Every structure is written in C-alpha cells, then in structure tokens.
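Counting in this note's numbering, the sequence shown runs from 342 upward without gaps. Heads up, the beta-carbon is just placed ideally off N, CA and C, and yes, glycines get one too. Remember, it's a predicted structure, so these values are computed and weren't measured experimentally. Take a look at the structure below.
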Amino acid sequence: MNNHDYIIPNEYIKGKRNNYSSWDECFMLHAVVTANRSKDPSSQVGAVLVGKNNRILSLGYNGAPNMWKDEDFPWVREADSISHTKYPYVIHAETNAILNYKGDNKDLDGATVYTTLYPCQNCAKFLAQAGIKRVVYLSNKYSGTEDNIAAATCFNYCDIQVEEFPKNLQRRLTISLLPEEGLSEIDRQ
Numbered sequence: 342m343n344n345h346d347y348i349i350p351n352e353y354i355k356g357k358r359n360n361y362s363s364w365d366e367c368f369m370l371h372a373v374v375t376a377n378r379s380k381d382p383s384s385q386v387g388a389v390l391v392g393k394n395n396r397i398l399s400l401g402y403n404g405a406p407n408m409w410k411d412e413d414f415p416w417v418r419e420a421d422s423i424s425h426t427k428y429p430y431v432i433h434a435e436t437n438a439i440l441n442y443k444g445d446n447k448d449l450d451g452a453t454v455y456t457t458l459y460p461c462q463n464c465a466k467f468l469a470q471a472g473i474k475r476v477v478y479l480s481n482k483y484s485g486t487e488d489n490i491a492a493a494t495c496f497n498y499c500d501i502q503v504e505e506f507p508k509n510l511q512r513r514l515t516i517s518l519l520p521e522e523g524l525s526e527i528d529r530q
C-alpha cells in the first residue's frame with residue numbers, strides 16, 4: 342500500500358471551523374501586538390512584512406536607533422528645538438521592518454506590509470524601493486496632511502495597492518494578555 346491508497350473513512354471527516362481569522366486579520370493582529378513593543382509614550386506603531394506566500398518576513402515598531410538607550414532618547418513631541426524632540430531620530434515601524442529583514446531582498450518584491458498607522462511619505466518611499474506592492478493600514482489619523490498626501494502620491498505612482506483594514510473586523514483585533522490566574526474557568530475555554 343502506498344500513501345495514496347489510504348482513504349480516511351467519511352465518519353472521521355468533520356467540517357472545519359468557520360470563524361477562523363483571515364490572513365489579513367492574522368497579520369494585522371501581529372502588527373497590533375508588535376506596536377506594543379514601542380517605548381514612544383504618544384504613538385505606538387507596528388508593522389509586519391509578509392511575503393507572497395503568506396509568511397511573515399519581518400516585524401518592526403517605531404523606536405530609537407539600536408545603539409541609543411531608550412532611557413536617554415528624547416521622547417517629547419515639542420521642545421525649544423526640533424533636535425530636542427523625537428522626530429529627527431525615531432525610526433518608523435515600516436522602515437524598521439524593512440531594516441530588520443535579513444533574508445534575500447527578492448522576497449520583499451511583491452510583499453505586503455500590515456501597519457497600524459498609514460505610512461508617512463518617507464516610509465512610503467522606502468516601501469516602494471523595497472518592492473512592497475500592498476499596504477494594509479489600521480488608522481489614518483493624519484489623513485489630508487501634506488505628508489499623507491505625498492505618501493498617497495508615492496503609492497499611486499509606484500502602483501502600490503493601499504487598503505484600509507475593514508472597520509467591521511477591527512473588533513476582532515483585541516486579545517487578552519492577562520495572566521492565566523486572573524481568568525475564570527469559562528474565560529479559559
């Protein structure tokens with residue numbers, strides 16, 4: 342008997358679960374969880390790079406450069422000089438995801454990025470240069486700003502598909518990270 346001769350009897354074949362997460366839900370949830378790694382007190386952003394075969398290639402969140410201690414980083418949004426704020430130094434989640442990828446760059450060609458915030462114009466350029474062909478974002482809180490318009494223009498000219506994560510699915514992006522002993526017996530099932 343070879344592997345193809347064995348047939349599982351019908352009584353053992355049951356219907357699959359129907360309410361499982363889509364790939365978009367799964368990867369956006371990863372982006373939400375990754376955003377929680379950010380030390381930024383005002384904006385936590387996460388990004389997940391996913392290859393054409395639905396495999397996670399890399400993760401990134403907004404934060405200080407690797408060699409800069411988070412405790413010494415200027416996390417403020419306003420100061421007497423822009424050089425005393427976070428803005429000239431912070432690395433955005435999408436850029437970190439690209440920089441964190443250590444595989445063959447051809448894997449990024451045609452990939453998708455899932456991000457919790459619509460990318461800025463700098464990240465849009467980096468995503469285009471890396472070969473990303475699809476952007477799925479959760480929030481666009483800077484919609485209509487010059488930076489946002491420039492990012493959208495870049496995506497348009499570079500033929501990058503941009504999609505807002507559906508509002509009706511956002512409720513499924515919540516998870517409980519409570520310790521097991523804080524849950525009732527019903528909650529654990």
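Item to check | Assigned secondary structure, Lys357 (DSSP; H/G/I helix, E/B strand, else coil) | outcome: Locating residue 357 in the sequence shown gives position 16, counting from the first residue. Under the three-state reduction of DSSP output, Lys357 falls in the coil class, being neither helix nor strand.
Checklist entry - Taking the runs of the alpha helix (DSSP H) that are 4 residues or longer, which of them lie wholly in the region 434-513? => result Runs of the alpha helix (DSSP H) lying entirely within the region 434-513 and spanning at least 4 residues, in chain order: 434-441, 462-471, 487-498.
Checklist entry - Helix, strand or coil for Ile544 per DSSP? => result Outside the shown range of the chain, which is 342 to 530, sits residue 544, and nothing can be said about it.
Checklist entry - Is Thr494 close to chain D, meaning its C-beta is less than 9 Å from at least one C-beta of that chain? => result Included in the structure is just one protein chain, with no chain D present.
Item to check | Cβ-based burial, His433 [other Cβ within 10 Å; buried from 16] | outcome: As a working note, residue 433 is residue 92 in the sequence shown. With 16 or more Cβ atoms within 10 Å of its Cβ, His433 is classed as buried.
Checklist entry - Taking just the CA atoms, how far does Arg358 sit from Gln530? => result If you number the sequence shown from 1, residue 530 lands on position 189. If you number the sequence shown from 1, residue 358 lands on position 17. Reliability fails at Gln530, whose pLDDT of 39 lies under 50, so the model's placement of it is uncertain and the value that follows must be treated cautiously. Their backbone Cα atoms lie some 16 Å apart in a straight line.
Item to check | Neighbour-count burial assignment, Gly451, 16 or more Cβ in a 10 Å radius | outcome: Here residue 451 refers to the residue found at position 110 of the sequence shown. By the 16-neighbour rule on beta-carbons within 10 angstroms, Gly451 is exposed.
Checklist entry - Short check: CB of Thr453 to CB of Val373, under 9 Å? => result Counted from its first residue, the sequence shown places residue 453 at position 112. Counted from its first residue, the sequence shown places residue 373 at position 32. No.
Checklist entry - If we ignore side chains and look at the alpha-carbon of each, how far apart do Leu288 and Ala493 end up? => result Any question about residue 288 goes unanswered here, given that the chain covers just 342 to 530.
Next on the checklist: Here's a check: name, in chain order, each residue in its chain whose Cβ is nearer than 6 Å to the Cβ of Phe368, leaving out the five neighbours to either side.
Outcome noted: For the purposes of this step, residue 368 is taken as the residue at position 27 of the sequence shown. Around Phe368: Val389, Val391, Tyr455.
Next on the checklist: By DSSP's criteria, Ala405 is part of a beta bridge. Which residues make up the other side?
Outcome noted: Here residue 405 is taken as the residue at index 64 of the sequence shown, counted from 1. According to DSSP, which records beta bridges pairwise, Ala405 is partnered with nothing at all.
Next on the checklist: With the cut-off set at 9 Å, would you say Cys461 and Tyr483 are in Cβ contact?
Outcome noted: As a position in the sequence shown, residue 461 is number 120, starting the count at 1. As a position in the sequence shown, residue 483 is number 142, starting the count at 1. At a Cβ-Cβ threshold of 9 Å, Cys461 and Tyr483 count as neighbours.
Checklist entry - Is the region 500-512 touching the region 418-433 in the sense that three or more CB pairs, one from each, lie closer than 8 Å? => result Segments in contact, no.
Checklist entry - Which same chain residues, not among the five before or five after Asn441, have their C-beta less than 7 Å away from its C-beta? => result By 1-based counting over the sequence shown, the position of residue 441 is 100. The beta carbon of Asn441 is closer than 7 Å to those of Ser399, Leu400, Gly401 in its chain, skipping five residues each way along the sequence.
Item to check | DSSP three-state assignment for Arg529, whether helix, strand or coil | outcome: Along the sequence shown, one-based indexing puts residue 529 at 188. Per-residue confidence for Arg529 stands at a pLDDT of 36, beneath the threshold of 50, marking its modelled position as unreliable; the derived number appears in the next sentence. Note: Arg529 maps to coil in three-state DSSP.
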